[in-house]
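A.B. asks:
In our numbering, the protein residues as written are 72 to 384.
(1) So residue 183 and residue 155 are in contact, right, with Cβ under 8 Å, and what is the actual spacing, rounded?
(2) State the Cα-Cα distance for the pair residue 143 and residue 366, rounded to the nearest angstrom.
(3) Just the Cα atoms here: how many angstroms apart are residue 102 and residue 179?
(4) Measuring only the C-alpha atoms, how far is residue 226 from residue 288?
(5) Rounded to whole angstroms, what is the Cα-Cα separation between residue 360 and residue 321?
(6) On the DSSP letters alone, give me the boundaries of the alpha helix (DSSP H) that residue 203 sits inside.
(7) What number of angstroms, rounded off, separates the C-alpha of residue 175 from the C-alpha of residue 121?
(8) For residue 253, which of helix, strand or coil comes out of DSSP?
(9) Measure the C-alpha to C-alpha separation of residue 240 and residue 113 and round it to an integer number of angstroms.
(10) Which runs of the beta strand (DSSP E) spanning at least 3 residues fall entirely within the segment 124 to 199, listed in chain order?
(11) Which two residues bound the contiguous alpha helix (DSSP H) that contains residue 316?
(12) Consult DSSP for residue 382 and reduce its assignment to one of helix, strand or coil.
(13) Going by beta carbon distance, what residues of the same chain come within less than 7 Å of residue 333, once the five residues before and after it are set aside?
(14) Taking residue 371 as the reference, give the member of 149, 105, 197, 270 with the closest Cα.
(15) With distances taken Cα to Cα, identify the nearest neighbour of residue 283 among 118, 298, 272.
(16) May I ask you to report which of helix, strand or coil DSSP gives residue 85?
(17) Report buried or exposed for residue 258, applying the criterion of at least 16 other Cβ atoms within 10 angstroms of its Cβ.
(18) Taking residue 141 and residue 318 to be in contact with their CB atoms under 8 Å, please state how far apart those CB atoms are, rounded to whole angstroms.
(19) Please look up how many angstroms separate the CB atoms of residue 217 and residue 124, rounded, as I've assumed it's under 8 Å.
(20) At what residue ranges does the segment 221 to 304 contain a whole run of the alpha helix (DSSP H), taking only runs of 4 or more?
Here it is as structure tokens:
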């Protein structure tokens, strides 16, 4: 009788334990019940601000910039940007609250800068559910959306899935990009649908959506900070704007961002903050598939991205 072969990682199906929330794949710590509770409890105010992104597209970066803008770079404000601008729907789930790091009852009533600011990865339709109670009273928050080119986003999301315990993903790049990212089975669903919908809606001023790009923040951060100030109706002098840019650089954030990995062995949440690294991952065939989808969902709406090394289309 032959010796039984030891099970290897390749024998185990590559799990990606997303849960469906309103039909959209979400992290396992955001359940349908948690999202429903957030929609029921949150009542939007005109002064509220939402940092909205598809995952791994500059969320923490914009949270840091917004916090610095709101506190005018106050050195005495030692709150982490993830605490000052909490993830609204996740705060109603089992990981962060209730009774956890972000108690929902507290974050709904807390306004540390004279207004409330939240993070979300919600799709446009999900965001409208969150806004519904306020909308019935004629209130609509302001939304700052940050988009990143899909190729670098896919690479960053792959490393995120591999490093975070809640995903425990063991697949390789080929499986991730072809079976999950291209098919919209990753966290927050399809990048193409998420991004294109917010881009189209941002063209209507009544939606109160400022659409920014990760790559523009890399190349000309002062310009993007000024766009944010104009959108929010806030003012900072030139020196203050420069300080916001300096204090929100990736070098500064890696030093100041104290949030430890949730579990032993996890990598830091802030990884590289660069553009163009996708070339080391995508095969010719994978790039062709993405370009086909990109033309179908993005380019035809007049939206272009910088893919690094002068490739803007």
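Cβ coordinates follow ideal geometry from the N, Cα and C atoms, glycine included. Please read all numbers here as calculations on a predicted model, not as lab measurements.
C.D. replies: The relevant details are as follows:
(1) Start at 1 with the first residue of the chain shown, and residue 183 comes out as number 112. Start at 1 with the first residue of the chain shown, and residue 155 comes out as number 84. Contact flag correct, Cβ pair sits at about 6 Å.
(2) Working through the chain shown from its first residue, we reach residue 143 at position 72. Working through the chain shown from its first residue, we reach residue 366 at position 295. Looking at the two C-alpha atoms, the distance is approximately 40 Å.
(3) By 1-based counting over the chain shown, the position of residue 102 is 31. By 1-based counting over the chain shown, the position of residue 179 is 108. Roughly 19 Å between the two C-alpha positions.
(4) Start at 1 with the first residue of the chain shown, and residue 226 comes out as number 155. Start at 1 with the first residue of the chain shown, and residue 288 comes out as number 217. Taking the straight line joining both Cα atoms gives about 19 Å.
(5) Taking the first residue of the chain shown as position 1, residue 360 is located at position 289. Taking the first residue of the chain shown as position 1, residue 321 is located at position 250. Cα-Cα distance, rounded: 31 Å.
(6) To locate residue 203, count along the chain shown from 1; it is residue 132. Counting along the chain, the alpha helix (DSSP H) containing residue 203 begins and ends at 195 to 206.
(7) Residue numbering aside, residue 175 sits at position 104 when the chain shown is read from its first letter. Residue numbering aside, residue 121 sits at position 50 when the chain shown is read from its first letter. Between residue 175 and residue 121, the C-alpha separation is close to 16 Å.
(8) The count along the chain shown starts at 1 and reaches residue 253 at position 182. Coil, per DSSP.
(9) The count along the chain shown starts at 1 and reaches residue 240 at position 169. The count along the chain shown starts at 1 and reaches residue 113 at position 42. For residue 240 and residue 113, the distance between alpha carbons rounds to 33 Å.
(10) 188 to 191
(11) As a first step, residue 316 must be located in the chain shown, where it is residue number 245. Residues 309 to 318.
(12) Reading the chain shown from its first residue, position 311 is the one you call residue 382. Residue 382: coil per DSSP, three-state reduction.
(13) The sequence position of residue 333 within the chain shown is 262, counting from 1. Model confidence at residue 333 stands at a pLDDT of 46, short of 50, so the residue's coordinates are unreliable; what they give is reported in the following sentence. The answer, listed in chain order, is 236.
(14) Counted from its first residue, the chain shown places residue 371 at position 300. Ranking the options by Cα distance to residue 371, first place goes to 270.
(15) Taking the chain shown and counting its residues from 1, one reaches residue 283 at position 212. Comparing Cα positions, the closest option is 298.
(16) If you number the chain shown from 1, residue 85 lands on position 14. Residue state, collapsed to three classes: coil.
(17) For the purposes of this step, residue 258 is taken as residue 187 along the chain shown, with counting starting at 1. Residue 258 is buried by the Cβ-count criterion.
(18) Translated into the one-based positions of the chain shown, residue 141 becomes position 70. Translated into the one-based positions of the chain shown, residue 318 becomes position 247. Not really, about 13 Å apart at Cβ, beyond 8 Å.
(19) Stepping through the chain shown from its first residue, residue 217 is reached at position 146. Stepping through the chain shown from its first residue, residue 124 is reached at position 53. Their Cβ separation, rounded to whole angstroms, is 5 Å, which keeps residue 217 and residue 124 in contact under 8 Å.
(20) 221 to 234, 262 to 273, 285 to 290, 292 to 303
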